[in-house]
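For the sequence shown, this note's numbering gives the first residue as 964, with consecutive numbering after it. Reading through the structure tokens given below for one structure.
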Amino acid sequence: MSAIFLMNVAKLDLAQKICDTLVAVVNNEKTSDGRIRSAYSTLQPISREFLPTQYTTYTSNAVDPSISTRDQAYTIIALTRMYVHTGMYKYLKAAIKIGTFIKNYQASIKGWQGYNGGFSQDSRGNDVQLNYRTTGHNCAVYAAANMLKGITKDNSWDELMEKSSKFISNMFDSGVGAYRLHTEDNSDSWSADSPLSAVTQSQKILTGLDEGDSRHSQMAYFILQNLATQSESYYGIVYAKGGHGIHTESMAMTSMAFYAHAAAIAESNPALSETLKKQADTWMETLLKIQSEARNGDSQGLVASPDADGALSWAGNEFTGAAFRAFPLLNTAATAWTGLALSYIQNGDLYANPFASYWKKSALSYYSSSVMGTNDPGIVNVDISWRKVNNGALALSILFAMLLLGFLVALCALNYKIHKRNKEVKGMFEVKKINFTKIATETPQSPMNNTSPLGSTSPVSGAAAYGSPLTPQTPVSQQQNSFLLRSISPVAE
């Protein structure tokens, strides 16, 4: 997610370093089949207090050797975006490799389809399949497959999109008006305690699936009624129902999703559209406040939760309402999502949404924006379809190419016409050399008068008879010929 954010703010050099690392990870994984671990480290950790229980000496280079379907999908999105920026095939190749692994090893055989959560690792370092499925993971898979298909034009990626979207649709709980987080271990069902997460609802909206669907409005109402919270210092939202502390990543993601849904229902439900935008604006103001004043912050990044009690231990941090805790420490995901949400809401940058169809964006415009250090002006405060923009640019390019071709054809025709005229004029004015001596000796004498009055035996008279040689006509010079061409024909040389 950091690489995606850095690309969005035209920090392409930094984003490329991250993507190069991801490519190296894919290429050097011992299985060589496209799987990547959740977290790596080139050094021994200073403390193992916060490391997952799966950490073993066998995988000492991986802080978290588990394999997350969501993380793999996010990696695909980052690498394909970098490919759009640079055109360097190594990024696309690595992304295809990861996508192929998801397709081959993580597809569920259950009726709801979708893709499993990933793999855990046992004490021997063996990967063990996780059979549960989550809505968020499958939203990420859908977006990643959409990118791969858009770039490669390979219809085989439709399989991932179809299976993931089918699973997502089955996860909607109409009784509460929201999507459940995950299934039971290996079944097409969820339990009553399956978390109802703001992130899950937001990811569903941001995929673009069922845009403007009434279920999205139900989800928005659910978040406002069940997840909004007021802490001692801040007004925000918790990660999931049952949680206690503000979760900054959820706030940023939900703010972006609210703006996306507000745009989709602007005509059909303008009142709700305005409500969602105002609420999102309030949360974004809170995030900026957290950025500037939260303890353990640095006035630049965002902490995962400003409400945690500050004790750096598992037991002393705020429970999110799901199976993890948010620490009062600077957090990469919270920072990246907040930056992307600001770009999406303030600049109207639709491609700040990580799940957007980024492959539709012009590589040329992104190159220029990266060089200039600014966001692409083509999407700032413009509320139109990028498909139409790209089609318009393509039409203009084709028209320009046709005009250029027509000009070249006309130029060739003109050049041929001039060349032909030059040959004709040259033929008109060229004077052949005459051998007068030969003419004089070969010309027969007249039988009536074989001598001239001056006693000359030559039939030539005048100046030639007095011994002055007859000067033949001088051929037309090249310069004179050029002048004649100009005077005869209006066609330029």
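Quick reminder that beta carbons are idealized off the backbone N, C-alpha and C, glycines included.
Asked, Found
"Kindly indicate which three-state DSSP category H1210 falls into: helix, strand or coil?", "coil"
"Whole-angstrom Cβ separation of T1043 and M1110, contact assumed at under 8 Å?", "4 Å"
"With which residues is F1082 paired in a DSSP beta bridge?", "I1030 and Q1092"
"Using DSSP's beta-bridge definition, name the partner residues of I1200.", "A1191"
"Please check the pair V1047 and G1302, which I expect to be a contact at CB under 8 Å, by giving their CB distance rounded to whole angstroms.", "In fact, because the Cβ distance is near 19 Å, the residues do not count as touching under 8 Å."
"What's the gap between the Cα of H1207 and the Cα of N1294?", "18 Å"
"Which residues in the same chain have their Cβ closer than 6 Å to the Cβ of G1140, if we skip the five residues on either side of it in sequence?", "Q1181 and F1185"
"Identify every run of the beta strand (DSSP E) within the region 1221-1268, keeping only runs that are complete inside it and at least 3 residues long; order them along the chain.", "none"
"Can you give me the start and stop residues for the alpha helix (DSSP H) that F1130 sits inside?", "D1121 to N1133"
"Out of curiosity, what's the CA-to-CA distance linking I1209 and A1191?", "9 Å"
"Hey, out of G1260, P1028 and S1236, whose CA is closest to Y1003's CA?", "P1028"
"Could you tell me the alpha carbon to alpha carbon distance between G1336 and Y1068, rounded to whole angstroms?", "With a pLDDT of 36 at G1336, under the threshold of 50, the modelled position of this residue cannot be trusted; read the value that follows with caution. C-alpha separation (whole angstroms): 41 Å."
"Would you kindly check if the distance between the Cβ of A1215 and the Cβ of W1300 is under 7 Å?", "yes"
"Between which two residues does the alpha helix (DSSP H) carrying G1113 extend?", "T1098 to T1115"
"Counting Cβ pairs closer than 8 Å, one from the region 1256-1268 and one from the region 1163-1183, do we hit at least three?", "no"
"With 16 other CB atoms within 10 Å as the buried threshold, where does L1172 fall?", "buried"
"Identify, in the order they occur along the chain, each residue of the same chain with its Cβ nearer than 6 Å to the Cβ of Q1189, setting aside the five sequence neighbours on each side.", "Correcting the residue type first, residue 1189 is Asn in the shown sequence and not Gln. The answer, listed in chain order, is K1204."
"Report, in whole angstroms, the separation of the C-beta atoms of S1157 and R1143, which I expect to be a contact under 8 Å.", "4 Å"
"Is G1081 buried or exposed, if buried means 16 or more other CB atoms sit within 10 Å of its CB?", "buried"
"If you count every other CB in all the chains shown that lies within 10 Å of the CB of C1375, and 16 or more means buried, which is it?", "exposed"
"So the alpha helix (DSSP H) M970 belongs to, where does it begin and stop?", "S965 to N971"
"Between S1152 and the rest of its own chain, which residues show a CB-CB distance below 8 Å, the 5 nearest in sequence each way excluded?", "T1146"
"For the alpha helix (DSSP H) that W1075 lies in, which residues bound it at each end?", "Looking at the DSSP string, W1075 is not in any alpha helix (DSSP H), and its letter there is neither H nor E."
"Cα-Cα, which of S1127, A987, G1074 and N991 is closest to A1036?", "S1127"
"On the premise that L1123 lies in contact with A1041, defined as a C-beta separation below 8 Å, what is that separation, rounded to the nearest angstrom?", "The Cβ separation is near 17 Å, so there is no contact."
"In the structure shown, what three-state DSSP assignment does L985 receive?", "helix"
"Taking G1113 and S1360 to be in contact with their CB atoms under 8 Å, please state how far apart those CB atoms are, rounded to whole angstroms.", "G1113 to S1360, Cβ: 19 Å. No contact."
"Less than 6 Å between C-beta atoms, sequence neighbours within five positions excluded: which residues of the same chain meet that for K1073?", "D1151"
"Only counting the same chain, and skipping five residues up and downstream in sequence, which positions put a Cβ closer than 7 Å to that of F1130?", "W1075, Q1076, G1077, R1096 and N1101"
"Once DSSP output is grouped into helix, strand and coil, what is the label at W1277?", "The predicted position of W1277 is uncertain, since its pLDDT is 33 and thus under 50; a value taken from the coordinates is nonetheless stated next. W1277: helix per DSSP, three-state reduction."
"Report the option in R1000, T1098 and A1161 whose CA atom is closest to the CA atom of A1220.", "A1161"
"For S1160, write down the residues that DSSP places opposite it in a beta bridge.", "A1203"
"Leaving aside the five residues before and after A1058 along the sequence, list all residues of the same chain whose C-beta is less than 6 Å from its C-beta, in chain order.", "I1039, L1042 and T1043"
"Using the three-state DSSP reduction, which class does N1310 fall into: helix, strand or coil?", "coil"
"In terms of alpha-carbon separation, which member of E1195, T1170 and S1196 lies closest to T1217?", "T1170"
"Pick out whichever of E1195, N1118 and V1201 has its Cα sitting closest to the Cα of L1159.", "V1201"
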